[in-house]
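Notes follow once the structure below has been shown.
There are 2 protein chains.
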Amino acid sequence: MSLDETRVKPHERLAEVLADDLSAVNALIRERMASKHAPRIPEVTAHLVEAGGKRLRPILTLAAARLCGYEGADHVKLAATVEFIHTATLLHDDVVDESAKRRGRPTANLLWDNKSSVLVGDYLFARAFQLMTEPGNLRVLHILSNAAATIAEGEVLQLTAAQDLSTTEEIYLQVVRGKTAALFSAATEVGGVIAGRSAEEVQALFDYGDALGIAFQIVDDLLDYWGSDATGKNIGDDFRERKLTLPLIKAYAAADDTEKAFWKRVIEKGDQQDGDLEHALELLNKHGALEATRQEALAWAAKAKAAMETLPKGELRDLLIGVNDYVVERVN
Amino acid sequence: MSLDETRVKPHERLAEVLADDLSAVNALIRERMASKHAPRIPEVTAHLVEAGGKRLRPILTLAAARLCGYEGADHVKLAATVEFIHTATLLHDDVVDESAKRRGRPTANLLWDNKSSVLVGDYLFARAFQLMTEPGNLRVLHILSNAAATIAEGEVLQLTAAQDLSTTEEIYLQVVRGKTAALFSAATEVGGVIAGRSAEEVQALFDYGDALGIAFQIVDDLLDYWGSDATGKNIGDDFRERKLTLPLIKAYAAADDTEKAFWKRVIEKGDQQDGDLEHALELLNKHGALEATRQEALAWAAKAKAAMETLPKGELRDLLIGVNDYVVERVN
């Protein structure tokens with residue numbers, strides 16, 4: 004770690020700078036997660052929304068809009084929209100992954116049941132669509148509804164690619180663009196759109212969000228093999244779930260026949276025994292798969308930084324670049 | 004049955020009259036259920052979409068628009084939107100109900116898995132939202148996104164009301180308005196909105212769809228205790244799933260202490276034995292709960308018919324009234 008851990012992190016500093024906007028987002032989220040008839044909805048939603056998530060995606064929308072000089076109030080609605088979409092996907096992801104923990108607490112599917120997670124997720128999707136229509140901006144609707152479709156497509160692709168050793172780096176990138184980067188890039192892009200900025204600047208905001216999201220997910224996948232208690236990740240979750248993430252794809256591409264047989268047994272057949280994770284880590288290191296994955300994360304982070312060049316200079320731009328640096332610093 | 008079973012049913016005749024529009028809807032559904040990256044999506048969707056559903060909801064949108072003199076092409080997009088929302092809710096419902104059969108075929112959650120049903124449902128929701136933005140009509144977006152929220156809210160309410168004998172007729176009506184009537188009323192209302200009709204006529208179309216949807220669901224719940232092979236329903240599914248539908252709510256309200264103890268055992272505790280369904284049917288008949296439920300369905304059907312009074316006379320209006328009559332004829 005090259006960061007002084009006691010220093011305020013860039014996304015925390017952004018939350019301070021945008022404190023008024025962010026309180027408005029939180030108030031709107033609480034207001035709209037209510038349900039006149041079904042108290043189960045705010046119960047389940049609150050469990051997740053108030054579990055201390057970083058609010059990274061809505062902060063990106065707020066920061067992008069303010070960076071572009073936006074002075075209206077619609078960015079608050081769009082930031083809440085983005086957080087609702089994110090929360091809905093988390094609820095459904097935990098059902099799909101049969102997860103027991105999220106943000107250090109038992110998941111909603113465990114505390115209530117899968118049914119509640121599916122249906123409350125649907126409610127939050129619908130709430131997101133209600134919210135996004137309110138500014139009456141058709142381009143924003145286009146961007147956010149496309150993002151929702153891309154997210155679901157990425158999740159399905161991930162599902163069908165799991166346990167499939169023929170998954171390529173290209174497919175991995177499509178999964179990552181879907182499950183993670185699509186919402187990051189939509190979050191930043193709509194900030195520029197409601198501020199009425201030029202096509203070039205809106206594209207730059209999209210490119211920043213896209214590259215940031217990809218770097219974020221690659222780092223997340225890397226930490227699954229490289230983590231420590233400090234990162235809050237459990238080493239080997241993806242291995243046990245037989246997910247084809249970038250480190251594994253790279254190691255399999257470089258594998259000899261004996262190694263290929265090992266990967267087929269543990270990933271395709273799911274026959275995992277004591278010591279297999281350790282052997283997998285040895286193979287990942289042997290072929291430099293972790294280092295190569297880290298380099299890709301750094302390359303995407305550099306793209307995100309470069310995209311910011313065309314946007315107005317100032318503290319917000321510096322902080323957005325800082326968020327990007329922080330994402331990759333976790334593996335520096 | 005008072006209907007000659009060989010006669011063309013009103014919704015089938017509507018499908019004939021609107022054949023060109025309906026082929027355009029089907030073509031659009033096939034086009035938009037595709038996915039460039041994830042072939043699992045069209046596989047799962049086709050299994051349901053091509054299983055011979057009646058396309059009742061999209062037909063309502065087409066008929067409402069044409070009845071109102073609409074001559075554009077956006078009604079096709081909105082009809083496909085409505086069918087996508089319906090299909091998404093079916094996929095999620097089958098996960099929530101752990102169903103094994105739908106439209107006489109194994110459900111998607113059984114043929115693939117719950118994960119695919121959840122994620123493909125999400126994809127279809129997102130596709131629906133993409134489609135509904137295309138006509139660029141903010142009022143339509145408002146109506147359809149509200150309907151989506153009301154549907155999810157109704158489903159959650161149904162989930163929390165299941166096994167709860169304190170469920171009132173008022174709560175039952177809220178569930179039914181959510182899970183069924185909200186999409187019917189949105190389907191007819193948007194037809195009037197895109198045709199630019201008066202507030203009074205748009206309200207009448209909403210009222211028709213609302214009452215038709217409520218009648219439809221009450222009949223469906225009644226047939227669960229009153230069905231035969233001819234209706235394609237299995238008697239007692241709701242009883243076994245311990246759902247609080249109108250017949251049961253009415254019978255419980257009229258129950259003496261011995262009967263209440265019976266209902267508590269079979270519905271609240273879920274302790275069901277041989278002969279319990281037969282005894283439940285006896286109690287439903289003893290208190291006239293089935294007949295009272297049938298009368299409520301007929302009253303809602305009459306409301307649907309009355310709502311049509313203000314709309315332009317002609318074959319389409321007659322056929323829409325005919326659909327309504329057909330819904331209740333199933334229990335006449």
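Just so you know, the sequences run in chain order A and B. Those letters in the first sequence? Residues 4 to 335, per the working numbering, in order. Those letters in the second sequence? Residues 4 to 335, per the working numbering, in order. For glycine and all other residues, C-beta sits at the position ideal for the given N, C-alpha and C.
Exposed unless 16 or more other CB atoms sit within 10 angstroms - verdict on residue i
| i | result |
| --- | --- |
| MET4(B) | The predicted model places MET4(B) with a pLDDT of 41, which falls under 50 and marks its position as unreliable, so this point remains unresolved. |
| LEU114(A) | exposed |
| SER201(B) | exposed |
| VAL11(B) | exposed |
| ASP97(B) | buried |
| LEU6(A) | Per-residue confidence for LEU6(A) stands at a pLDDT of 47, beneath the threshold of 50, marking its modelled position as unreliable; the derived number appears in the next sentence. Classification for LEU6(A): exposed. |
| GLY224(B) | The question names Gly, but residue 224(B) is Asp in the sequence shown. When all chains shown are included, ASP224(B) counts as buried. |
| ALA54(A) | exposed |
| GLY195(B) | buried |
| THR171(B) | exposed |
| THR64(B) | buried |
| THR261(A) | exposed |
| ASP227(A) | buried |
| GLU86(B) | buried |
| LYS39(A) | exposed |
| GLN2(A) | Residue numbering for chain A in the displayed model covers 4 to 335; residue 2(A) lies beyond these limits and cannot be assessed. |
| GLN3(A) | Given that chain A is displayed from residue 4 to residue 335, the structure contains no residue 3(A) and the question cannot be resolved. |
is_contact[residue i, chain A] using C-beta, thresh 9 Å
| i | result |
| --- | --- |
| PRO42(B) | yes |
| GLU244(B) | no |
| GLY195(B) | no |
| THR110(B) | no |
| GLN220(B) | no |
| HIS145(B) | yes |
| SER5(B) | Per-residue confidence for SER5(B) stands at a pLDDT of 45, beneath the threshold of 50, marking its modelled position as unreliable; the derived number appears in the next sentence. Not one chain A Cβ lies under 9 Å of SER5(B). |
| GLU74(B) | no |
| GLY212(B) | no |
| LEU31(B) | no |
| ARG333(B) | no |
| ILE252(B) | no |
is_contact[residue i, chain B] using C-beta, thresh 9 Å
| i | result |
| --- | --- |
| ASP125(A) | yes |
| LYS118(A) | yes |
| ARG16(A) | no |
| VAL85(A) | no |
| GLU318(A) | no |
| GLU271(A) | no |
| VAL99(A) | yes |
| LYS39(A) | yes |
| ILE154(A) | yes |
| THR92(A) | yes |
| ALA151(A) | yes |
| THR163(A) | yes |
| VAL159(A) | yes |
| GLY181(A) | yes |
| ILE174(A) | yes |
Residue i: CB within 8 Å of a non-hydrogen atom of the ligand PLP
| i | result |
| --- | --- |
| LEU293(A) | What this structure holds is no ligand at all, so the ligand PLP is not there to describe. |
Contact list for residue i against chain A, beta-carbon separation under 8 Å
| i | result |
| --- | --- |
| HIS95(B) | VAL121, LEU122 and ASP125 |
| GLY216(B) | None at all; the shortest Cβ gap to chain A is about 17 Å. |
| GLN177(B) | HIS40 |
Partners in chain B for residue i, counting only beta-carbon separations shorter than 7 Å
| i | result |
| --- | --- |
| SER148(A) | ALA129, PHE132, GLN133 and THR136 |
| GLY139(A) | LEU141 |
Distance between beta carbons of residue j and residue i, contact taken as under 8 Å
| i | j | result |
| --- | --- | --- |
| ALA68(A) | ALA198(A) | 6 Å |
| ARG146(A) | ALA189(A) | What sits at residue 146(A) in the sequence shown is Ile, not Arg. Correct: roughly 5 Å between the Cβ atoms. |
| TYR175(A) | LEU247(A) | 7 Å |
| LEU17(A) | ALA66(A) | 6 Å |
| LEU280(B) | TRP229(B) | That pair is no contact at about 13 Å. |
Inset, instruction - Please determine if the segment 307–315 of chain B and the segment 205–217 of chain B are in contact, where contact requires at least 3 C-beta pairs separated by less than 8 Å. - result: Contact holds between the segment 307–315 of chain B and the segment 205–217 of chain B, because three or more Cβ pairs, one in each stretch, are under 8 Å apart.
Legend entry - the segment 75–91 of chain B / the segment 20–28 of chain B touching (three or more Cβ pairs under 8 Å): Result yes; three or more Cβ-Cβ pairs closer than 8 Å.
Inset, instruction - Would you check if the segment 127–138 of chain A and the segment 147–158 of chain B touch, i.e. whether three or more CB-CB distances between them fall below 8 Å? - result: In short, these stretches touch, since the Cβ pair count reaches three.
Inset, instruction - Would you check if the segment 299–308 of chain B and the segment 267–278 of chain B touch, i.e. whether three or more CB-CB distances between them fall below 8 Å? - result: The answer is no - the segment 299–308 of chain B does not touch the segment 267–278 of chain B, with fewer than three Cβ pairs under 8 Å.
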